[in-house]
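Chains as they are written, first to last, in our numbering: chain Y, 11 to 335; chain U, 5 to 281. See structure below.
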Amino acid sequence: MTAVADQSVAAEVPAATGRPARKRRPTTVAGRWEWLWGLAFIAPTGLGLLVFYIWPVFQTLYYSFTEWGAFGGHVWVGTENYVKLLGDPEVLKALKNTLVYSGLVLLGVPVSLVLAALINTPGLRGAAVYRVLYFLPVVTMPAAVGMVWRWLYNGDLGLVNHVLSLIGISGQHWVADPRFALYATAVVGVWMTVGYNMVIFAAGLNGIPRDYYEAAELDGAGRIRQFFSITLPMLSPTAFFITVLTSIGALQVFDVIYLMLGTNSSALRNPAIDENKTIVFLFYERAFIDNDKGYAAAIAFVLLLVILVLTVIQFRAQKRWVHYA
Amino acid sequence: MPSRVDRRHTTWHVHLVLVVGALVMVAPLAWEFLTSVKSFGESVRVPPTILPETWDWSNYGKVFEAVPFGEQFLNTVLMTAGRTAGQLLMCSMAAYAFARLRFPGRDAFFLLFLSVLMVPSQLFLIPQYQIMQELGWLNSLPALIVPGMFSAFGTFLLRQFFLSLPKDLEEAAALDGANPLRIYWHVMLPLARPGLVALGILTVLWSWNDLLWPLVANNDPEKMTLSAGLATLKGEHLTDYPVLMAGSLLATLPVIAVFVVMQRRVLEGIAFTGTKG
């Protein structure tokens, strides 16, 4: 690639400047101070990332080995937080809840794939309208989404139970009942992500050459067959990308849990929250409500570990199902 | 090729599924609006009325009484604008350098940037809070804006975009004696408009909707953002759903409006990140 660039520059030099082509290093568009320009250009973001993102990771790592007193001071306690954490039923429960929630949200991925395939039906009228409608929940503020669904799920007055009663199903107190609250929030998690994933799948679908389908049609393959033998394999890299991103996002769920199940005042505490905290919710409570920042830091590192392990597993597993053309 | 009749047949089924799906997507938002214009008495009726008997707009006024909505709206606008402007400028600079300039340690720096992408944001939160505390920035606009101005994701996205651009124009500019700053500003930025639009849209969406950091950094109601303000509103009107719905709708309406107006660009931008990532 650079060789091509070299030639083009060398060839143009005489014409552009009228001077004979000198034997200089033509790849360095920026001249000999290029290294300084480069460093200067990355400096603003680089320094910002260093101060607000990279250094804090190490700081948090250090905090995870400390215990915090009531007045902000902290002392080194070694691995105590991690030892305590492994036997802490609240952490283990939050871990389980987070995994269950993420697993359920991932069920939305095949749904969005099917929707993308339907919306990409050649010659479908109103495809643009569908796309906008399905995308609305993605742009809606998650805090507002949590509030709306809390109302929809209301046990006595909610629309969900009203609709269920019309078809003869007696409703539940979806978000106030510890048995259902996590599943109810996972439905909202799917509702919020389906449109986003659908748009990315649709972009992937557009990248599949049309003649594949035409050839399949000539061979007499129906639409269903085409979906499984062309669309699905050709789309597997996109599906992999979406699966990884969706699970990383779902593992960090906070907003909807906070708004639907949590309360910032002691006025009326939702009985479901104690059973249905997720890892980030627990982190938030420990770090910024209880000021137990050392323990919170350790919890955050457990989440990092979970995300890393699951992502590595997904990358390993992709060899079995992802088809790179 | 399927016959004409056959195709219309398939399309009919496709529409049926898509319409049902669209209803599920839109119904909660429609219900949010309908509840927001009902009186409290009507909102708690069983079975519920669909359309309000009397359109009661007073709930929107109550939102302004319960929380300093005007201030929170302004805070959210300024936070979104500040973060977006900062990211567009600084990410594009870094992205240009990573894509086009040669300097010692470039690949190592780029890897360092990328590593930030892998880390869940909770790991930054406690030290970020302490930095703000030490600077005396808690409960202020800079706390909302500054940490969000630097983005590894934005740098990565724009770098990918710059790499896909042809080099002829910058080479011509370089031969005319333009330095990298001029090339970046006069040649690269105009070419990169689609990439900048994509990043801008994503940053606006994320900033406007961000909850955890604004909740942590600014807990004075006057200094909050709308998303954090909704939590306060919920504390004050725990069961007054018409007011809660009015507040939720007001908070989220600006981005929905931006999306509806710029839908093509937004969807293209999202699709772009999907194919570049």
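Ideal placement from N, C-alpha and C gives every residue a C-beta, glycine not left out.
Using 9 Å as the limit for Cβ to Cβ distance, is residue i near chain U?
| i | result |
| --- | --- |
| lysine 303 of chain Y | yes |
| valine 319 of chain Y | no |
| proline 147 of chain Y | yes |
| glutamine 69 of chain Y | yes |
| arginine 34 of chain Y | For arginine 34 of chain Y, the pLDDT reaches just 47, beneath the cut-off of 50, and the residue's location in the model is therefore unreliable, although a value from the coordinates is still provided. No, because no Cβ of chain U sits closer than 9 Å to the Cβ of arginine 34 of chain Y. |
| glycine 41 of chain Y | yes |
| histidine 172 of chain Y | yes |
| valine 332 of chain Y | no |
| leucine 134 of chain Y | yes |
| proline 338 of chain Y | Residue 338 of chain Y lies beyond the stretch modelled for chain Y, which goes from 11 to 335, so this question has no answer here. |
| proline 152 of chain Y | yes |
| serine 257 of chain Y | no |
| methionine 244 of chain Y | no |
| glutamate 44 of chain Y | yes |
| glycine 205 of chain Y | yes |
| leucine 261 of chain Y | yes |
| arginine 1 of chain Y | The requested residue 1 of chain Y is not part of the displayed model; chain Y covers only 11 to 335. |
Contact defined as beta carbons within less than 8 Å: I believe residue i pairs with residue j. What is the distance between those atoms, to the nearest angstrom?
| i | j | result |
| --- | --- | --- |
| valine 21 of chain U | proline 225 of chain U | In fact, because the Cβ distance is near 45 Å, the residues do not count as touching under 8 Å. |
| isoleucine 240 of chain Y | isoleucine 267 of chain Y | Wrong, their Cβ atoms sit about 40 Å apart, outside the cutoff. |
| glutamate 36 of chain U | serine 231 of chain U | With a Cβ gap of about 15 Å, glutamate 36 of chain U and serine 231 of chain U do not count as contacting. |
| alanine 255 of chain U | methionine 208 of chain Y | Not really, about 25 Å apart at Cβ, beyond 8 Å. |
| threonine 76 of chain Y | glycine 304 of chain Y | 4 Å |
| leucine 129 of chain U | alanine 297 of chain Y | 7 Å |
| tryptophan 201 of chain Y | proline 147 of chain Y | 5 Å |
| valine 18 of chain U | leucine 128 of chain Y | 5 Å |
Starting from residue i, trace the alpha helix (DSSP H) both ways and give me its first and last residue.
| i | result |
| --- | --- |
| glutamine 236 of chain Y | 233-236 |
| asparagine 63 of chain U | 62-70 |
| histidine 172 of chain Y | 169-176 |
| lysine 287 of chain Y | Careful: lysine 287 of chain Y lies outside any alpha helix (DSSP H) and carries neither H nor E. |
| isoleucine 218 of chain Y | Counting along the chain, isoleucine 218 of chain Y falls outside any alpha helix (DSSP H), and DSSP gives it neither H nor E. |
| valine 131 of chain U | A quick correction: the sequence has proline, not valine, at residue 131 of chain U. Element bounds for proline 131 of chain U: 126-139. |
| arginine 251 of chain Y | Checking the displayed sequence, the identity of residue 251 of chain Y turns out to be phenylalanine instead of arginine. Note, phenylalanine 251 of chain Y: alpha helix (DSSP H), 242-261. |
| asparagine 301 of chain Y | Here asparagine 301 of chain Y belongs to no alpha helix (DSSP H), and DSSP marks it neither H nor E. |
| lysine 103 of chain Y | 99-116 |
| aspartate 244 of chain U | Here aspartate 244 of chain U belongs to no alpha helix (DSSP H), and DSSP marks it neither H nor E. |
| glycine 45 of chain U | 44-47 |
| glutamate 295 of chain Y | Element bounds for glutamate 295 of chain Y: n/a, residue is neither H nor E. |
| threonine 88 of chain U | 73-104 |
| phenylalanine 114 of chain U | 110-122 |
| valine 266 of chain Y | 265-270 |
| leucine 145 of chain U | 145-149 |
Let me see if you follow: with CB-CB separation under 9 Å, is residue i close to chain Y or not?
| i | result |
| --- | --- |
| arginine 87 of chain U | no |
| serine 155 of chain U | yes |
| lysine 238 of chain U | yes |
| alanine 196 of chain U | no |
| threonine 3 of chain U | Nothing in the structure corresponds to residue 3 of chain U, since chain U is present only between 5 and 281. |
| tyrosine 100 of chain U | yes |
| leucine 193 of chain U | no |
| valine 201 of chain U | no |
| glycine 278 of chain U | yes |
| valine 264 of chain U | yes |
| glycine 269 of chain U | Sequence inspection shows arginine at residue 269 of chain U; the glycine mentioned does not correspond to that position. With 9 Å as the cut-off, arginine 269 of chain U does not count as an interface residue toward chain Y. |
| serine 211 of chain U | no |
| methionine 29 of chain U | yes |
| valine 4 of chain U | Outside the shown range of chain U, which is 5 to 281, sits residue 4 of chain U, and nothing can be said about it. |
| alanine 26 of chain U | yes |
| valine 21 of chain U | yes |
| alanine 275 of chain U | yes |
Going by other Cβ atoms of all chains shown within 10 Å of its Cβ, with 16 needed for buried, is residue i buried or exposed?
| i | result |
| --- | --- |
| phenylalanine 102 of chain U | buried |
| phenylalanine 2 of chain U | Past the edges of chain U, shown from 5 to 281, lies residue 2 of chain U, and the structure says nothing about it. |
| serine 180 of chain Y | exposed |
| arginine 326 of chain Y | exposed |
| leucine 228 of chain Y | exposed |
| aspartate 214 of chain U | buried |
| glutamine 126 of chain U | buried |
| asparagine 216 of chain Y | exposed |
| arginine 32 of chain Y | At arginine 32 of chain Y, the pLDDT of 47 sits below 50, so the modelled position is not reliable and the matter cannot be decided from this model. |
| glutamine 76 of chain U | buried |
| alanine 25 of chain Y | Unreliable placement is indicated for alanine 25 of chain Y, whose pLDDT of 43 sits below 50; the coordinate value is still reported in the next sentence. The residue is exposed, with fewer than 16 neighbouring Cβ atoms inside 10 Å. |
| arginine 104 of chain U | buried |
| glutamate 174 of chain U | buried |
Cβ-heavy atom distance between residue i and the ligand GTP below 8 Å?
| i | result |
| --- | --- |
| leucine 162 of chain U | What this structure holds is no ligand at all, so the ligand GTP is not there to describe. |
What are the start and end residues of each continuous alpha helix (DSSP H) run of 4 or more residues lying completely inside the segment 40-97 of chain Y, in chain order?
Those alpha helix (DSSP H) runs which fall completely within the segment 40-97 of chain Y and span 4+ residues are 44-59, 65-73, 90-96.
What runs of the alpha helix (DSSP H), each 4 residues or longer, lie entirely inside the segment 162-234 of chain U?
Counting whole runs of 4 or more residues, the segment 162-234 of chain U contains the alpha helix (DSSP H) stretches 172-179, 197-213, 216-221.
Of all the alpha helix (DSSP H) runs that stay within the bounds of the segment 137-166 of chain Y, which reach a length of 4 or more residues?
Within the segment 137-166 of chain Y, the complete alpha helix (DSSP H) runs of at least 4 residues are 137-149, 152-162.
Alpha helix (DSSP H) segments (min. 4 residues) lying fully within the segment 302-333 of chain Y:
For the segment 302-333 of chain Y, whole alpha helix (DSSP H) runs of length 4 or above, ordered along the chain, are 303-331.
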